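Participant: Please find one structure pasted underneath; my questions will follow.
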Amino acid sequence: MNPKGTPSQNNSEKLLEGKGLCKGFPGVWQHLILDHIDIDIQAGEIHTLLGENGAGKTVIANCLSGFYSLSEGQIYVRGRPVSLKSPADGIRHGIGMVHQELALVKPFTVAQNIALGLPGSDFSFPLPEVEAKVRELSETYRLSVDPLAKVEDLSAGEQQRAEIIKVLYHNPQILILDEPTSLISADAARLFEALENMARRGYGILFITHKIEEALEVGDRVTVLRLGKSTGTRPTAQTDKNELVKLMFGEHTPVHLERQAVKSDTIVLDVRNLKALAADREPALQGVSFSIRQGEILGFAGISGNGQSELAEVVTGMRKATGGQVFIGGKDFTNQTPRKIINAGVAHIPEKRRAMGVVEPMTTAENVVLKDLRVPPFSKGTFINKSYITGHTKEIVTRFGALVSDLWKTPARILSGGNIQRLILGRETWRIPQCLVAVYPAQGLDAKAIDHTWQLLMRLRESGTAVLLVSEDLDELMALSDRIAVMSKGRIVGLFAASEATRDKLGLMIATGGK
Amino acid sequence: MNFEYAGGILLGSLHAMVPITLTASGEVVGESAGLFNIGLEGIILISAMTGALGAEAGGPMAGLLVGLGTGFVIGLIFAAVCTYFKGVQLIAGVGINLFAAGLVAFWLIHLGVPGHHALAAEHQLANIATPFGDLSPMIFVAIALPVLIYLLLFRTKLGLKIRAVGENPQAADVAGIRIHLLRLLATAAGASLAGLAGAYLSIDWLGSVTKEISAGRGFIALATVVFSGLNPLLVLLGGFIFGFFDNLAVWVATMPAVQKIIPWQFIAMAPYAVTLLVVAGVIGRAKFPAAMGIPYQRE
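Those protein sequence lines, which keep their order, are chains U and B.
Under my numbering, the first sequence has 11 at position 11, and the numbering climbs by one with no breaks.
Under my numbering, the second sequence has 1132 at position 132, and the numbering climbs by one with no breaks.
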């Protein structure tokens, strides 16, 4: 390793290379988390990794830094094959990673956090030395941070600078940054300047983002990921927004399923100027208004985390609205309990199917009648009607093609995600609800099951159900929706008929937030 | 009240402080690393027995070392279950306690008089004569250890690492620390002090093994850890407070004047009642490692 801050002056040397990287089990799993990815990082360049949430960006970063193991493929450091079994191995080979969820011990000071990872005797106390070097690194890379401050007292931007300095302390040659701008959107320019400064000194930098503008603003090359596959690597100077959108979201024209026009003018779900906070008390919905008619599917597009989840939760009574109103069938149901909203005819296919959709330790039959259990004929007085429930569950399991070995013995915990989703779809739709809130309904299903789900939603539409569909999959949105709303930062930034939507138009609006 | 009695209660408190301070300062190390060992009571009990056997085989010093070793081995098993095998800490700890109660009762039957085994004088650790009275050498160990542990946890890199694996194991993992190994060693080292405390009970302070010899001291030590907020120096203070009330019952039993007013059986409840009050008062404010009790899994 070279002395301080000058890892290599030999530009275009491949510092780190991954060939045929796979995560998951080829031939066993339907979709691999990483599917034969080739990627390399050269000395003196910023290589941007662009993709939607769930495309596999973080997994690549974790594999390249030794945090995750690979199922297949080989990593090379300066052309030599290496096997990385732990982050410590990564550090030894000069690979430093800045995690999206920062890897800092909150009650410790910045210097203490750095001292943790240093070699040397366990009974030494290197803090004064660490403090001096942190000050020096702060200065060199213009990443100001106080080594004596406790991490929990620092702002998000400061914490991130502390994390970067922690990684730089080990004198890496390769720096991997996983979505560094997600915490510090306002401070991003300052970070980019520091990264370019480092690249000039010969570091190889892998910069991960889901924002197209950032991919175009920073970096020398950009590699785009889509559903675990690499869709291409381009020199940043020779690409543009349109090409990146195509690589990110795919190129073929999706089918808009044939249908009759919406017949009814009766509004089922009417949302007016809705506001709500996210779990971290930050505003998640900032005045959302829309209405859905009988027999209409309104699709919500957008990168996840822009308020779609919170919208579905507020409508179904799981999250408090801080402003605005929700009308169901003409009556005000703002901030009513989920039970009252269910009784008003709203069904919910939740985002987190294991956490919110089923009670994992309970059996299949119990989960299928979870919402109906309290009314006859599912129960009589205090006692449940087991034989009726058995018949009902059997019908739902058969009709929706779930694979369950025993209705009363198989706990939901051991079912696959796809089978759980089939049970939830069955439970929520057998009654033909007045309104259906479906969040990522086809997530994790195979092609045949996706087709079934789509047909199911179309049949519900024919029967007059108003459907609020949240999805990240443009194919799904364009196939099913009558109208598509694009959400960004808690607002609807675009609303148009699905028949007029094109992939480019939609992708661009999603990626740029309607600007 | 005469002066001698006041001196007597102080000396008694110091002796009663030893097992609680030793056990609690060891547990501070384990809890700092993220493992909560409710089986301390059982470790004290088994070590009181193995320590006595060791002392009878090779003298009091050998007995103390056997007690230390017993604690280490049980701690190692407990920690292995809770780290590499992702066991639930509470269950593993309760398992130690149940096992200990059965094992010691069984062994005492084998040794002769069921429920009780007295050690001959030559197998007991001798007290040191000081100007203040006869003191066990273990008192000095129990005062020195929390100070050493304080220095270890807050003034060395090893201490930083131990606290990091308890607070944010993922960050420690990224820093290249072997989480499971460090948690294992910290917990076993901590449990060895509970073993030392057990051996002290039988070889030194009480001079015999009974099947109730631990008398809840493992749980009082856990309460002392809560009281200390994982600061070993406060363990020393907490240990003395609990030791004082533990000793009070013995003192009252020897004071006919007081006994007329309050029966000693009532005072015997004092250490447990004080534990309850202190923990009830402190528990809300005590700050424990964020990852305590949670097994670590990387992916």
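All C-beta atoms in this analysis are idealised placements derived from N, C-alpha and C, irrespective of residue type, glycine included.
Everything numeric in this text was worked out from a predicted model, so none of it was measured.
Just mark Thr1130 of chain B as buried or exposed, buried being the case when its beta carbon has 16 or more other beta carbons within 10 Å.
Facilitator: As a first step, residue 1130 of chain B must be located in the second sequence, where it is residue number 130. When all chains shown are included, Thr1130 of chain B counts as exposed.
Participant: Can you grab the Cα-Cα spacing for the pair Pro81 of chain U / Arg200 of chain U, in whole Å?
Facilitator: The residue labelled residue 81 of chain U in the question sits at position 81 within the first sequence. The residue labelled residue 200 of chain U in the question sits at position 200 within the first sequence. Pro81 of chain U and Arg200 of chain U have their C-alpha atoms roughly 26 Å apart.
Participant: If I'm right that Val110 of chain U touches Ala149 of chain U with Cβ under 8 Å, what's the distance once you round it to whole angstroms?
Facilitator: Numbered from 1 along the first sequence, position 110 holds the residue referred to as residue 110 of chain U. Numbered from 1 along the first sequence, position 149 holds the residue referred to as residue 149 of chain U. That belief holds up - the Cβ atoms of Val110 of chain U and Ala149 of chain U are roughly 6 Å apart, short of 8 Å.
Participant: Counting only beta-carbon separations shorter than 8 Å, does Thr1254 of chain B have a partner in chain U?
Facilitator: As a position in the second sequence, residue 1254 of chain B is number 254, starting the count at 1. With 8 Å as the cut-off, Thr1254 of chain B does not count as an interface residue toward chain U.
Participant: Tell me, please, whether the segment 131 to 145 of chain U touches the segment 50 to 60 of chain U by the rule of three or more beta-carbon pairs shorter than 8 Å.
Facilitator: no
Participant: Should Phe383 of chain U be flagged as near chain B, meaning a C-beta pair shorter than 8 Å?
Facilitator: As a first step, residue 383 of chain U is located in the first sequence; it is residue number 383 there, counting from the start. No - not a single Cβ of chain B is within 8 Å of the one on Phe383 of chain U.
Participant: Distance cutoff 8 Å, beta carbons only. Does Val1147 of chain B sit that close to anything in chain U?
Facilitator: Numbered from 1 along the second sequence, position 147 holds the residue referred to as residue 1147 of chain B. No, because no Cβ of chain U sits closer than 8 Å to the Cβ of Val1147 of chain B.
Participant: Which two residues bound the contiguous alpha helix (DSSP H) that contains Gln1089 of chain B?
Facilitator: Locating residue 1089 of chain B in the second sequence gives position 89, where the first residue counts as 1. Gln1089 to Leu1111 is the span of the alpha helix (DSSP H), which, as asked, contains Gln1089 of chain B.
Participant: Run through chain U and tell me which residues come within less than 7 Å of Val1088 of chain B, C-beta to C-beta.
Facilitator: As a position in the second sequence, residue 1088 of chain B is number 88, starting the count at 1. Residues of chain U passing the Cβ test: none, with the nearest at roughly 15 Å.
Participant: Mark Thr502 of chain U as exposed unless 16 or more other C-beta atoms lie within 10 angstroms of its C-beta, in which case mark it buried.
Facilitator: Translated into the one-based positions of the first sequence, residue 502 of chain U becomes position 502. Classification of Thr502 of chain U: exposed, given that the 10 Å Cβ count is below 16.
Participant: Can you check whether the CB of Val1278 of chain B is closer than 8 Å to the CB of Phe1227 of chain B?
Facilitator: Taking the second sequence and counting its residues from 1, one reaches residue 1227 of chain B at position 227. Taking the second sequence and counting its residues from 1, one reaches residue 1278 of chain B at position 278. Contact flag set, yes.
Participant: With distances taken between CB atoms, is the gap from His1015 of chain B to Ser1136 of chain B smaller than 8 Å?
Facilitator: Indexing the second sequence from 1 puts residue 1015 of chain B at position 15. Indexing the second sequence from 1 puts residue 1136 of chain B at position 136. Yes. Within cutoff.
Participant: Starting from Pro235 of chain U and walking both ways along the beta strand (DSSP E), at which residues does that stretch end?
Facilitator: Taking the first sequence and counting its residues from 1, the one referred to as residue 235 of chain U is at position 235. Unbroken beta strand (DSSP E) run through Pro235 of chain U: Lys229 to Pro235.
Participant: Fully enclosed by the segment 25 to 91 of chain U, which beta strand (DSSP E) runs are 3 residues long or longer?
Facilitator: 34 to 42, 46 to 50, 72 to 77 and 80 to 82
Participant: Suppose only complete runs of 3+ residues qualify. What are the beta strand (DSSP E) ranges in the segment 371 to 456 of chain U, listed by chain order?
Facilitator: 435 to 439
Participant: Compare the C-beta of Ser86 of chain U against all C-beta atoms of chain B and say whether one is closer than 8 Å.
Facilitator: Here residue 86 of chain U corresponds to residue number 86 of the first sequence, with the count starting at 1. Closer than 8 Å: yes.
Participant: So, with DSSP's three-state summary, where would you put Ile1261 of chain B?
Facilitator: Along the second sequence, one-based indexing puts residue 1261 of chain B at 261. Helix, per DSSP.
Participant: Taking Asp122 of chain U as the query, report the chain B residues whose CB atoms sit under 8 Å from its CB, ordered along the chain.
Facilitator: Working through the first sequence from its first residue, we reach residue 122 of chain U at position 122. Those are Thr1156, Lys1157, Leu1158 and Lys1161, listed as they occur along chain B.
Participant: Is any beta-carbon of chain U found at less than 8 Å from that of Val1174 of chain B?
Facilitator: Walking along the second sequence from the start, residue 1174 of chain B turns up at place 174. For Val1174 of chain B, the answer is yes, since a Cβ of chain U falls inside 8 Å of its Cβ.
Participant: Which residue from U:Lys229, U:Arg272, U:Leu49 and U:Gly18 puts its Cα closest to that of Asp40 of chain U?
Facilitator: Here residue 40 of chain U refers to the residue found at position 40 of the first sequence. Out of U:Lys229, U:Arg272, U:Leu49 and U:Gly18, U:Gly18 has the C-alpha closest to the C-alpha of Asp40 of chain U.
Participant: Determine the direct distance from the alpha carbon of Gly228 of chain U to that of Asp35 of chain U, and round the result to whole angstroms.
Facilitator: Counting from one through the first sequence, the residue named residue 35 of chain U turns up at place 35. Counting from one through the first sequence, the residue named residue 228 of chain U turns up at place 228. So the two alpha carbons sit approximately 5 Å from each other.
Participant: So, are the CB atoms of Glu1056 of chain B and His1123 of chain B less than 8 Å apart?
Facilitator: In the second sequence, counting from the first residue as 1, residue 1056 of chain B sits at position 56. In the second sequence, counting from the first residue as 1, residue 1123 of chain B sits at position 123. Taking 8 Å as the Cβ cut-off, Glu1056 of chain B and His1123 of chain B qualify as a contacting pair.
Participant: How should Gly219 of chain U be labelled, buried or exposed, when 16 other C-beta atoms within 10 angstroms of its C-beta is the threshold for buried?
Facilitator: If you number the first sequence from 1, residue 219 of chain U lands on position 219. Its Cβ being crowded by 16 or more others within 10 Å, Gly219 of chain U is buried.
Participant: Residue range of the beta strand (DSSP E) that Asn1247 of chain B falls in?
Facilitator: Along the second sequence, one-based indexing puts residue 1247 of chain B at 247. That residue, Asn1247 of chain B, is in no beta strand (DSSP E); its alpha helix (DSSP H) goes Pro1232 to Ala1253.
Participant: Tell me the DSSP bridge mates of His348 of chain U?
Facilitator: For the purposes of this step, residue 348 of chain U is taken as residue 348 along the first sequence, with counting starting at 1. Its beta-bridge partners are U:Val437.
Participant: Excluding the 5 residues flanking Cys1082 of chain B on each side, which residues of the same chain have their C-beta closer than 7 Å to its C-beta?
Facilitator: Stepping through the second sequence from its first residue, residue 1082 of chain B is reached at position 82. Within the same chain, Cys1082 of chain B has close Cβ partners Leu1035, Gln1089, Ala1092 and Pro1295.
Participant: Check Gly204 of chain U in the structure and name its three-state DSSP category.
Facilitator: For the purposes of this step, residue 204 of chain U is taken as the residue at position 204 of the first sequence. The answer is strand: DSSP assigns Gly204 of chain U an E or B state.
Participant: What residues in its chain sit with their C-beta under 6 Å from that of Gly464 of chain U, if we drop five residues either side in the sequence?
Facilitator: Taking the first sequence and counting its residues from 1, the one referred to as residue 464 of chain U is at position 464. Within its own chain, the residues whose Cβ lies closer than 6 Å to the Cβ of Gly464 of chain U, once the five positions on either side in sequence are excluded, are Gln294 and Gly295, listed in chain order.
Participant: How would you write the range of the alpha helix (DSSP H) that Pro128 of chain U sits in, first residue to last?
Facilitator: The residue labelled residue 128 of chain U in the question sits at position 128 within the first sequence. Where Pro128 of chain U is concerned, the enclosing alpha helix (DSSP H) stretches over Leu127 to Thr140.
Participant: From U:Leu407, U:Leu474 and U:Ala479, pick the residue whose C-alpha is nearest to that of Leu456 of chain U; which is it?
Facilitator: Indexing the first sequence from 1 puts residue 456 of chain U at position 456. With distances taken between Cα atoms, Leu456 of chain U lies closest to U:Ala479.
Participant: Could you work out which residues of chain B lie near Gln112 of chain U, taking near to mean beta carbons separated by less than 8 Å?
Facilitator: Counting from 1 along the first sequence, the entry for residue 112 of chain U is found at position 112. Under the 8 Å cutoff, chain B gives Leu1160.
Participant: Could you give the residue range of the beta strand (DSSP E) that holds Asp280 of chain U?
Facilitator: Against the first sequence, residue 280 of chain U aligns to sequence position 280. Where Asp280 of chain U is concerned, there is no enclosing beta strand (DSSP E), given that its DSSP letter is neither H nor E.
Participant: Quick check: what's the CA-CA separation for Gln238 of chain U versus Phe496 of chain U?
Facilitator: Here residue 238 of chain U refers to the residue found at position 238 of the first sequence. Here residue 496 of chain U refers to the residue found at position 496 of the first sequence. The alpha-carbon atoms of Gln238 of chain U and Phe496 of chain U are separated by roughly 32 Å.
Participant: Let me check one thing: in DSSP terms, what residues is Glu179 of chain U bridge-paired to?
Facilitator: Here residue 179 of chain U is taken as the residue at index 179 of the first sequence, counted from 1. Paired residue(s): none; Glu179 of chain U is not in a bridge.
Participant: In chain B, which residues lie with their C-beta within 9 Å of the C-beta of His99 of chain U?
Facilitator: In the first sequence, the residue the question calls residue 99 of chain U occupies position 99. Within chain B, the residues near His99 of chain U are Gln1170, Ala1171 and Val1174.
Participant: May I ask which residues mark the beginning and end of the alpha helix (DSSP H) holding Asp475 of chain U?
Facilitator: Position 475 of the first sequence, counted from the start, is the residue given in the question as residue 475 of chain U. Element bounds for Asp475 of chain U: Leu474 to Leu480.
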